[in-house]
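> Below you will find the structure I want to go over with you.
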Amino acid sequence: MHADDVVNLLVVDDIQYNLDAMEALLSQPGIRILQARSGEEALELLLTHEVALALLDVNMPGMNGFALAELMRGNSRTRHIPLIFVTAALHEPGRTFAGYQSGAVDFLNKPFPPEILLSKVRIFIEMYRQKKLLGQKIAELQDALHINELFVAVLGHDLRTPLAAAIHGAELVEVLSTDEKITAAAQRIKACGMRMESMVNRLLDTALIRSGRLEIMSAPGNYRDVAAAVIEEFKGSHHGTAIGLSDQGDMAGEFDPDRMAQVLSNLIGNAIKHGIAHAPVTVRIDGMRHDRICLEVCNAGEISPDRVEDVFQPFQSGRQNRTASAGLGLGLYIVKSFVEAHGGEITVRSSPEDGTTFCVDIPRRVAGSLAR
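Residue 291 in numbering that gives the first Met the number 0 sits at position 292 of the sequence shown; the count goes up by one each step and never skips.
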C-alpha cells in the first residue's frame, strides 16, 4: 500500500494500557495509530502528521482533553479534525456539553462495546478518504483551468497576431494588384482569414464563459444604433440577402455595446447562413416597456424539431446546414451566455409556415460591471 493511502488516527491518553488497547482494537491494514500520553505530545504529533480522527481522553493530568481540543480548534491546520472524547467518568450533562462546546463530534463513556467505536471510526475514515479524493479532483480541475487559461493566452496573442497580419496582407494585395487572378486569390485568402479569426474569437469567448471570467461592461447606449451598425457590416459582405430593421418605443438603455453587437451579429449571421438562401432577414426591436427591451431576429426556414432543444448547446449545429462550410457550433451558445450575463433570456420559435425567430428579452438597464 502506498504511504499516501495510509490513514492516521490519533489516540491521546495518559495511561499506556489504554493506548495499547485502543491500538489493538483499531489496527488494520491502511490505518496507522499515533499514540500520545499527553496533550503536549499530541500537539507535537499534529505538527508532522495529517490525522483523520482524534480520540481524546478527557481526564488527563495537566492539559486535559477539553484544553487540547480548544488548542486544536484554534489552529488552521487541525481545526477540522473530528474529535471523539473518551472518558471513564459517569455521564454528566455538564461535561458532555463542555465536550461539544470544545468541538467534539461524539462522546463515549467507558466501558463501551468495541463495535460502537469501530463503526464510528469506519465512518470517519470513509469521510476522510472521500474528502481527500475530492481535494484531488479539485486540484485536477484547477490544473485543467490553468491549462485552459494558457490556451486562451495562446489564442489571444500567438494566433490572432499572425492571422491579422495575413488578413491585412491579403487586403493590400487586393488593392494593389491589377491581375484578376491574383486579386481573386487575395480575396479568398482574406475571406478564409476572417472566417478563422471569427472561429478564434468564438473559442476565446467560450473559454471566458466556461472559466467564469466573462465580464459585462454596461454603458448608456441606443439599441437601434447598435443594430443598425451591425446590419451595415453585413450589407457589405452579404449582397444577396436583404436585412431589414424596425423598431418602436424608447431605444435608450444601459448595456455592454460590444457584447450586444456580438449577440446581434451572431443571430443575423446564423439566420443568413442557415435560413433559406437569399430570403430576407428582419431585425425587430420593441422598446415599449419601460424596464425591458425585446430584440427579435427573424428569417425564413425552419429548425428541425428534434434539434430545437439543443440549439443553444456548445458545439452543436442548431439548424440544417445549407452549405458544407459549417462552423464550430458555438455562436448560439455564446449568444445565450451574453444574454444571460445581461440578466435576460433568449428563446426560439420555429415552424415551416412562420420561419424561425430568436427573441432576446433583457432588462433595459444593466448597472455596473458584471462578471459571470
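Quick reminder that beta carbons are idealized off the backbone N, C-alpha and C, glycines included. What you are looking at is a predicted structure, and each value in this text was computed from that prediction instead of being measured.
Buried or exposed for ASP353, please, with buried defined as at least 16 other CB atoms from any protein chain shown within 10 angstroms of its CB.
Residue mapping note: residue 353 aligns to position 354 of the sequence shown, counting from 1. ASP353 comes out exposed.
> Between the alpha carbons of ALA190 and SER197, how many angstroms are there, rounded?
Start at 1 with the first residue of the sequence shown, and residue 190 comes out as number 191. Start at 1 with the first residue of the sequence shown, and residue 197 comes out as number 198. Near 11 Å, if we compare the C-alpha coordinates of SER197 and ALA190.
> In chain order, what are the residue ranges of uninterrupted alpha helix (DSSP H) at least 4 long that sit wholly in the segment 255-312?
Counting only runs of 4 or more, we get 256-273.
> Looking only at C-alpha atoms, which of VAL199, LYS119, PRO256, GLN135 sits nearest to ASP157?
Start at 1 with the first residue of the sequence shown, and residue 157 comes out as number 158. If we check each option's Cα against that of ASP157, VAL199 comes out closest.
> Using only the alpha-carbon positions, how far apart do LEU132 and THR355 sit?
Working through the sequence shown from its first residue, we reach residue 132 at position 133. Working through the sequence shown from its first residue, we reach residue 355 at position 356. Roughly 47 Å separates the two Cα atoms.
> Indicate whether GLY29 and VAL6 have their beta-carbon atoms separated by less than 9 Å.
As a working mapping, residue 29 is identified with position 30 in the sequence shown. As a working mapping, residue 6 is identified with position 7 in the sequence shown. Result yes, Cβ atoms of GLY29 and VAL6 sit closer than 9 Å.
> Alpha carbon to alpha carbon, how far is LEU33 from GLN129?
Walking along the sequence shown from the start, residue 33 turns up at place 34. Walking along the sequence shown from the start, residue 129 turns up at place 130. Looking at the two C-alpha atoms, the distance is approximately 21 Å.
> Just the Cα atoms here: how many angstroms apart are ILE122 and LEU144?
Within the sequence shown, numbered from 1, the residue matching residue 122 stands at position 123. Within the sequence shown, numbered from 1, the residue matching residue 144 stands at position 145. Roughly 33 Å separates the two Cα atoms.
> Residue range of the alpha helix (DSSP H) that PHE378 falls in?
Coverage of the chain is limited to positions 0 through 371, which leaves residue 378 absent and any answer about it impossible.
> Within this structure, are the beta carbons of ILE83 and LEU107 separated by less than 9 Å?
Within the sequence shown, residue 83 is the residue found at index 84, counting from 1. Within the sequence shown, residue 107 is the residue found at index 108, counting from 1. Yes; because the gap between Cβ atoms is below 9 Å, this pair is in contact.
> Shortest alpha-carbon distance to ARG363 belongs to which of ARG212, HIS341, ARG291, GLY243?
Indexing the sequence shown from 1 puts residue 363 at position 364. With distances taken between Cα atoms, ARG363 lies closest to ARG291.
> Which of the three DSSP states, helix, strand or coil, is assigned to PHE314?
The residue you call residue 314 lines up with position 315 of the sequence shown. Correct three-state label for PHE314: coil.
> Going by DSSP, what residues sit across from PHE111 in a beta bridge?
Reading the sequence shown from its first residue, position 112 is the one you call residue 111. None, per the DSSP bridge assignment.
> Would ARG283 and ASP249 be called neighbours here (beta carbons separated by less than 9 Å)?
One-based indexing of the sequence shown puts residue 283 at position 284. One-based indexing of the sequence shown puts residue 249 at position 250. Against a cut-off of 9 Å, the Cβ pair of ASP249 and ARG283 comes out as no contact.
> Since CYS191 sits in a beta bridge, which residues does DSSP pair it with?
Position 192 of the sequence shown, counted from the start, is the residue given in the question as residue 191. Note: CYS191 sits in no beta bridge, so no partner.
> Which one of LEU44, LEU24, ASN147, LEU149 has the shortest CA to CA distance from PRO112?
Mapped onto the sequence shown, residue 112 falls at position 113. It is LEU24.
> Take the Cβ of ASP305 as the centre, count every other Cβ of all protein chains shown within 10 Å, and call the residue buried at 16 or more, exposed below.
Numbered from 1 along the sequence shown, position 306 holds the residue referred to as residue 305. Per the 10 Å Cβ criterion, exposed.
> Cα separation between MET21 and LEU207?
Here residue 21 is taken as the residue at index 22 of the sequence shown, counted from 1. Here residue 207 is taken as the residue at index 208 of the sequence shown, counted from 1. Whole-angstrom Cα-Cα distance: 54 Å.
> What does a CB cutoff of less than 7 Å around VAL104 pick up in its chain, not counting 5 residues either side in sequence?
The residue given as residue 104 occupies position 105 in the sequence shown. The answer, listed in chain order, is PRO81, LEU82, ILE83.
> Look up ASN221 in the DSSP assignment and say whether it is helix, strand or coil.
Counting from 1 along the sequence shown, the entry for residue 221 is found at position 222. Three-state result, ASN221: strand.
> Spatial neighbours of GLU170 within its chain, please: CB distance less than 7 Å, with the 5 preceding and 5 following residues excluded, ordered by chain position.
Counting from one through the sequence shown, the residue named residue 170 turns up at place 171. These residues qualify, in order along the chain: LYS189.
> With respect to the beta strand (DSSP E) encompassing SER349, which residues constitute its N-terminal and C-terminal limits?
Residue numbering aside, residue 349 sits at position 350 when the sequence shown is read from its first letter. That run of the beta strand (DSSP E) goes 344-350.
> Checking 9 Å against the spacing of the C-beta atoms, do LEU8 and VAL50 come in under that value?
Numbered from its first residue, the sequence shown carries residue 8 at position 9. Numbered from its first residue, the sequence shown carries residue 50 at position 51. A contact, by the Cβ cut-off of 9 Å.
> Closest by CA to ALA276, which one among VAL225, THR240, THR160?
On the sequence shown, residue 276 is found 277 positions in, with the first residue counted as 1. For ALA276, the nearest C-alpha among the options comes from THR240.
> Just to confirm the assignment, what range does the alpha helix (DSSP H) spanning LEU44 have?
Residue mapping note: residue 44 aligns to position 45 of the sequence shown, counting from 1. It spans 38-47 - the alpha helix (DSSP H) in which LEU44 sits, taken as one unbroken run.
> In the DSSP assignment, the beta strand (DSSP E) including MET216 goes from what residue to what residue?
Counting from 1 along the sequence shown, the entry for residue 216 is found at position 217. 214-216 is the span of the beta strand (DSSP E), which, as asked, contains MET216.
> Distance check for ASP204 and LEU213, CA to CA, integer angstroms please.
The residue given as residue 213 occupies position 214 in the sequence shown. The residue given as residue 204 occupies position 205 in the sequence shown. Each residue's alpha carbon lies about 8 Å from the other.
> CA-CA distance, ALA35 and GLN15?
Stepping through the sequence shown from its first residue, residue 35 is reached at position 36. Stepping through the sequence shown from its first residue, residue 15 is reached at position 16. Whole-angstrom Cα-Cα distance: 9 Å.
> When you compare the segment 248-268 with the segment 327-339, are there three or more beta-carbon pairs, one atom per stretch, that lie closer than 8 Å?
Contact between the segment 248-268 and the segment 327-339 is present, because at least three Cβ pairs lie under 8 Å.
> Buried or exposed: where does LEU175 fall if 16 or more other Cβ atoms within 10 Å of its Cβ makes it buried?
Taking the sequence shown and counting its residues from 1, the one referred to as residue 175 is at position 176. Looking at its Cβ environment, which holds fewer than 16 other Cβ atoms inside 10 Å, LEU175 is exposed.
> Name the residue from LEU45, ILE302, ARG223 whose alpha carbon lies nearest to the alpha carbon of ALA53.
Stepping through the sequence shown from its first residue, residue 53 is reached at position 54. Ranking the options by Cα distance to ALA53, first place goes to LEU45.
> Can you check whether the CB of VAL334 is closer than 9 Å to the CB of CYS293?
Start at 1 with the first residue of the sequence shown, and residue 293 comes out as number 294. Start at 1 with the first residue of the sequence shown, and residue 334 comes out as number 335. Not a contact, by the Cβ cut-off of 9 Å.
> Hey, how far is the Cα of GLN27 from the Cα of MET71?
Along the sequence shown, one-based indexing puts residue 27 at 28. Along the sequence shown, one-based indexing puts residue 71 at 72. Rounded to the nearest angstrom, the two C-alpha atoms are 26 Å apart.
> DSSP on PRO362, reduced to helix/strand/coil?
For this step, residue 362 is matched to residue 363 along the sequence shown. If DSSP states are grouped into helix, strand and coil, PRO362 belongs with the strands.
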